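K.L.:
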Amino acid sequence: MQFDNAFIPAPLSWSSPFIRWQGATADVSSLDLAVQVTRDALAARRFDTSRVTQLVYGTTVPQAGSFYGAPLVAARMGLAGVGGPTLAQACATSVACIAHAAAAAQLSGGALQLVVTADRISNGPLLVYPRSGGMGGAPQTEHWVLDSFAADPWTGESMVHTAEATARDGGFTRAQCDELTLLRYSQYERALADDRRLQRSYLQPIVLRQRKGEKVLEADEGISPYSREGLAALKPSLPDGITTPGTQTHPADGAAGLVVCGRDEARALAGGEGVVRLIAAGFARAEKGRMPKAPALAAQRALAAADCTAQALGAVVTHNPFAVNDLWLGQQLDIPLEKMNALGCSLIYGHPQGPTGMRGVVELVQTLRRQGGGLGLFTGCAAGDMGAALVLAVE
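The working numbering puts the first residue of the sequence shown at 72, with every later residue one more than the last.
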């Protein structure tokens with residue numbers, strides 16, 4: 072999937088902090104989070120919302136009112152005349168939303184698209200499905216989050232099983248997973264330098280309105296303090312496995328977004344701070360029960376569509392719910408592990424599903440801007456052994 076007139080004004084991309092599930096945002100609807108974070112991000116950037124022609128909304132966990140999706144989010148932001156699709160593709164949702172917006176902008180001559188993603192993994196809904204054939208009409212129930220995390224209905228196994236299967240195929244060890252996690256944690260800590268000066272440029276605070284005033288969440292909440300000794304003391308998540316709670320991500324809540332439009336409008340909106348050219352997207356499905364392999368497959372498709380090699384990339388950001396993901400990607404694409412995730416990643420700061428990839432794209436843009444521009448790749452896995460990737464260039 073290629074794009075030739077889809078751009079992001081570099082300043083018009085943002086993410087909220089990610090809050091570990093059952094934390095400060097446990098009772099905040101992701102719809103409320105989407106509206107507040109997006110509205111405040113656009114206001115802080117002095118963006119004229121009358122420019123928006125379509126709002127693309129990405130979310131994966133149903134909330135009260137989410138049947139109305141994108142039109143509801145737009146209306147609550149004061150964009151009563153704006154509508155658009157609501158997309159869900161598990162952890163690939165952000166790339167799917169960006170690809171849709173890029174295609175829409177391209178087909179409409181550069182019309183401006185507002186892309187919003189949000190999810191609350193905390194307190195997921197319990198769904199009740201009527202079943203007249205059950206004894207006494209007893210319904211079938213599903214806990215949207217916990218049951219989905221527990222097992223893929225097709226394979227009958229959890230996502231941790233996919234990490235272990237991929238680790239066996241790649242010949243990876245627990246020591247490699249522990250070392251990779253320590254590397255990613257050190258990268259995240261470096262990104263907090265100068266009182267989080269860099270993070271503050273793209274992390275839009277979450278504002279919680281409470282009876283006794285407002286509570287402002289400016290930084291990620293629930294980050295574990297990783298150490299070599301601490302990781303070594305953890306038990307494997309599966310018997311005889313190499314993945315532990317320290318080498319996999321944690322669920323979280325959050326929101327993120329960006330603007331996609333044509334080249335000329337992007338340059339005007341960037342105010343001299345640079346634009347991001349969307350070049351290509353790729354989606355792929357790995358073999359059954361091998362989810363961590365999918366990002367490499369998706370990346371290869373996106374790179375082929377962009378007529379680009381992995382060696383030409385200036386930066387790589389991944390959604391890596393397991394350390395195994397990055398080990399496999401590095402092995403398959405011959406990308407040094409140190410070249411990935413300069414500002415941290417979902418392995419460390421958590422995974423709210425819908426907005427996880429969006430934050431990765433935002434941090435990829437920031438990394439390339441610090442380097443003076445260049446080509447970048449975002450790639451990550453998703454439920455169902457899926458992967459999604461995006462190739463872009465900061466100009």
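Glycine included, every Cβ here is placed at the ideal spot set by N, Cα and C. Owing to the predicted nature of the structure, the values given are computational and were not obtained by experimental measurement.
Between the segment 386–394 and the segment 446–458, do three or more beta carbon pairs fall short of 8 Å?
P.N.:
At 8 Å Cβ cutoff, the stretches touch.
K.L.:
In this structure, what does DSSP give as the bridge partners for isoleucine 90?
P.N.:
Answer by DSSP bridge pairing, in chain order: Glu292 and Asp324.
K.L.:
If we ignore side chains and look at the alpha-carbon of each, how far apart do proline 423 and valine 144 end up?
P.N.:
C-alpha separation (whole angstroms): 18 Å.
K.L.:
Name the residue from Thr244, Pro88, Arg271 and Pro82 whose alpha carbon lies nearest to the alpha carbon of alanine 327.
P.N.:
Per the Cα distances, Pro88.
K.L.:
Rounded to whole angstroms, what is the Cα-Cα separation between glutamine 211 and serine 193?
P.N.:
Glutamine 211 and serine 193: Cα-Cα distance of roughly 22 Å.
K.L.:
Which ranges does the alpha helix (DSSP H) cover as unbroken runs of at least 4 residues, wholly within the segment 90–173, from first to last along the chain?
P.N.:
Correct list: 101–115 and 140–147.
K.L.:
To the nearest whole angstrom, what separates the beta carbons of valine 108 and alanine 172, a pair I think is in contact under 8 Å?
P.N.:
The pair is not a contact, with the Cβ atoms about 18 Å apart (cut-off 8 Å).
K.L.:
With a threshold of 7 Å on Cβ separation, who are the neighbours of alanine 341 within its own chain once the five nearest residues in sequence on each side are excluded?
P.N.:
Result list for alanine 341: Pro80, Ala81 and Pro82, in chain order.
K.L.:
Ends of the alpha helix (DSSP H) at threonine 233?
P.N.:
Residues 230–241.
K.L.:
Please list, in chain order, all residues of the same chain as arginine 122 whose beta carbon is under 7 Å from its beta carbon, the five residues on each side excluded.
P.N.:
Correct list, in chain order: Leu183.
K.L.:
Cutting at 8 Å between CB atoms, please list the residues of its own chain near tryptophan 215, excluding the five before and the five after it.
P.N.:
If we look at tryptophan 215 and ignore the five residues flanking it on each side, its Cβ neighbours are Val132, Pro133, Gly195, Pro196, Leu197 and Leu198.
K.L.:
Between alanine 175 and isoleucine 313, what straight-line distance do the alpha-carbon atoms span, to the nearest angstrom?
P.N.:
Cα to Cα, alanine 175 sits roughly 43 Å from isoleucine 313.
K.L.:
Assuming leucine 360 and aspartate 456 make a contact with CB atoms under 8 Å, what is their CB distance in whole Å?
P.N.:
Here residue 360 turns out to be glycine, not leucine, going by the sequence shown. Glycine 360 to aspartate 456, Cβ: 7 Å. Contact.
K.L.:
Helix, strand or coil, according to DSSP, for alanine 453 in the structure here?
P.N.:
Here alanine 453 sits in strand by DSSP.
K.L.:
Terminal residues of the continuous alpha helix (DSSP H) containing proline 201?
P.N.:
Proline 201 -> no alpha helix (DSSP H), and no H or E assigned at all.
K.L.:
Please confirm whether glycine 451 and alanine 163 have their CB atoms less than 9 Å apart.
P.N.:
In contact: glycine 451 and alanine 163 (Cβ atoms closer than 9 Å).
K.L.:
In angstroms with no decimal places, state the Cα-to-Cα distance between leucine 45 and alanine 167.
P.N.:
Only positions 72 to 466 of the chain appear in this structure, which leaves residue 45 out of reach.
K.L.:
Which residues in the same chain as proline 316 place their Cβ atom closer than 7 Å to its Cβ, once the five residues preceding and following it in sequence are excluded?
P.N.:
Contacts found: Leu305 and Ser308.
K.L.:
Would you be able to state if there are at least three C-beta pairs under 8 Å between the segment 217–224 and the segment 341–352?
P.N.:
Judged by Cβ distances under 8 Å, the segment 341–352 makes no contact with the segment 217–224, as fewer than three pairs qualify.
K.L.:
State yes or no: is the C-beta of threonine 369 within less than 9 Å of the C-beta of alanine 454?
P.N.:
Position check: residue 369 holds alanine in this sequence, whereas threonine was assumed. No.
K.L.:
Taking only heavy atoms of the ligand FMN into account, decide whether any of them is closer than 8 Å to the Cβ of glycine 342.
P.N.:
Although the ligand FMN was asked about, the structure shown includes no ligands whatsoever.
K.L.:
Considering only the alpha carbon of each residue, which of Val395, Ala323 and Asp324 lies closest to leucine 249?
P.N.:
It should be noted that the sequence gives aspartate, not leucine, for residue 249. Among Val395, Ala323 and Asp324, the Cα nearest to that of aspartate 249 is on Val395.
K.L.:
Would you identify the three-state DSSP class for glutamine 270, choosing helix, strand or coil?
P.N.:
Helix.
K.L.:
Output the distance between the C-alpha atoms of serine 272 and tryptophan 85, rounded to the nearest integer angstrom.
P.N.:
Distance between the alpha carbons of serine 272 and tryptophan 85: 8 Å.
K.L.:
Looking at the unbroken alpha helix (DSSP H) that takes in leucine 404, where does it start and where does it end?
P.N.:
Segment 394–404, the alpha helix (DSSP H) holding leucine 404.
K.L.:
Does the structure place the segment 350–365 close enough to the segment 99–108 that three or more beta carbon pairs sit under 8 Å?
P.N.:
These segments do not touch.
K.L.:
On the DSSP bridge list, what partners appear for glutamine 184?
P.N.:
Beta-bridge pairing links glutamine 184 to Gln125 and Val331.
K.L.:
The alpha helix (DSSP H) with alanine 376 in it runs from where to where?
P.N.:
Its alpha helix (DSSP H) spans residues 365–376.
K.L.:
Give the single residue among Gly325, Ile406 and Met362 whose Cα lies nearest to the Cα of glycine 425.
P.N.:
Checked all of Gly325, Ile406 and Met362; the closest Cα to glycine 425 is Gly325.
K.L.:
Based on DSSP bridge pairs, tell me the residues matched to tryptophan 85.
P.N.:
In DSSP, tryptophan 85 forms a bridge with Gly328.
K.L.:
In this structure, how does DSSP classify proline 80 when only helix, strand and coil are distinguished?
P.N.:
Strand at proline 80.
K.L.:
Tell me phenylalanine 74's beta-bridge partners as DSSP assigns them.
P.N.:
Answer is none; phenylalanine 74 lacks a bridge partner.
K.L.:
Specify the secondary structure class of isoleucine 419 as computed by DSSP and reduced to three states.
P.N.:
Note: isoleucine 419 maps to helix in three-state DSSP.
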